[in-house]
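Just so you know, the numbering used here puts 162 at position 128 of the sequence shown, and the rest follows in order with no gaps. We put the beta carbon where it would ideally sit given N, CA and C, even for glycine. Small disclaimer: the values here were computed from a predicted structure and weren't measured.
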Amino acid sequence: MSGEGGGPQAIRKLAPGRLVIASHNPGKVREIRALLAPYGIEPVSAADLDLPEPDETGTSFVANAELKAMQAADLSGLPALADDSGLCVEALGGEPGIFSARWAGPGKDFGVAMQAVEDRLAALHPAPPRDAHFICALALAWPDGHVEWFEGRVDGTLVWPPRGANGFGYDAMFLPLGGSETFGEMDPEAKHAMSHRADAFAQLVAAVF
């Protein structure tokens, strides 16, 4: 799904040059840089430009991604790409969802966040299915206020204890459907080939490059 108002395809193409990655999350910035590498884009992060982190007041992944991208584009005078993503656990009614980062607390400790997910699942009787999915919304904004958005998804199940030290966030407890390694165990290239972020990014590339 993409475009202003969810239209079928983007209207505006992205020219080569500088692009702000509107994130202060080093893991996300690293992944997005790798995905942008082939396209003649010069990524610069919001942290590099000392841009503030906006309050994520949206009620959906797309709304939060748009909010972050629009603020970064407005403050920098450059096109900006923002990501809002999270883990949605079916048995928890889709939680933590848009609050995935907040579950990690002020210290952004995702060990704490993963334990919170596991504790909530363990409190349910009978033991529920452990189905989950990651969502990634990408919003691309220009300084004049034009925005395009794209949403990707990957389905899987949750494992415990967490496995692997690669990736970030909830990756170490997420086993993609049909896989034998968690996102935390996979090489970054393998994750890039199938992740929710890669899904959204493929849509963006097809539309705007």
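Alpha carbon of residue i to alpha carbon of residue j, nearest angstrom
| i | j | result |
| --- | --- | --- |
| Arg197 | Met148 | 11 Å |
| Asp233 | Pro140 | 29 Å |
| Gly201 | Leu158 | 28 Å |
| Glu76 | Leu48 | 12 Å |
| Thr216 | Glu129 | 20 Å |
| Ala173 | Ile132 | 15 Å |
| Pro222 | Phe235 | 15 Å |
| Thr191 | His167 | 8 Å |
| Val123 | Trp194 | 14 Å |
| His58 | Leu109 | 15 Å |
| Met220 | Gly61 | 14 Å |
| Ala171 | Leu53 | 17 Å |
Buried versus exposed, by CB contacts within 10 Å (16 or more), residue i
| i | result |
| --- | --- |
| Gly212 | exposed |
| Ala99 | buried |
| Pro210 | buried |
| Asp84 | exposed |
| Ile45 | exposed |
| Lys225 | buried |
| Gly111 | exposed |
| Gly120 | buried |
| Ser229 | buried |
| Ala199 | exposed |
| Ser214 | exposed |
| Ala56 | buried |
| Gly51 | exposed |
| Ala175 | buried |
Expected contact under 8 Å - CB spacing of residue i and residue j to nearest Å
| i | j | result |
| --- | --- | --- |
| Ser134 | Gly74 | The Cβ separation is near 32 Å, so there is no contact. |
| Arg231 | Asp117 | 7 Å |
| Ala227 | Gly218 | About 16 Å separates the two Cβ atoms, so there is no contact after all. |
Pick from the options that is closest to residue i, judged by C-alpha positions
| i | options | result |
| --- | --- | --- |
| Leu126 | Asp118, Arg164, Val181 | Arg164 |
| Arg308 | His180, His167, Leu101, Ala114 | Given that the chain is displayed from residue 35 to residue 243, the structure contains no residue 308 and the question cannot be resolved. |
| Ile169 | Trp137, Gln237, Asp189, Glu65 | Asp189 |
| Ala81 | Leu70, Val63, Val96, Gln237 | Val63 |
| Glu182 | Trp137, Val242, Ala71 | Val242 |
Query raised in the report: For the 8 Å Cβ check, are there 3 or more pairs between the stretch 144–162 and the stretch 94–110?
Result: no
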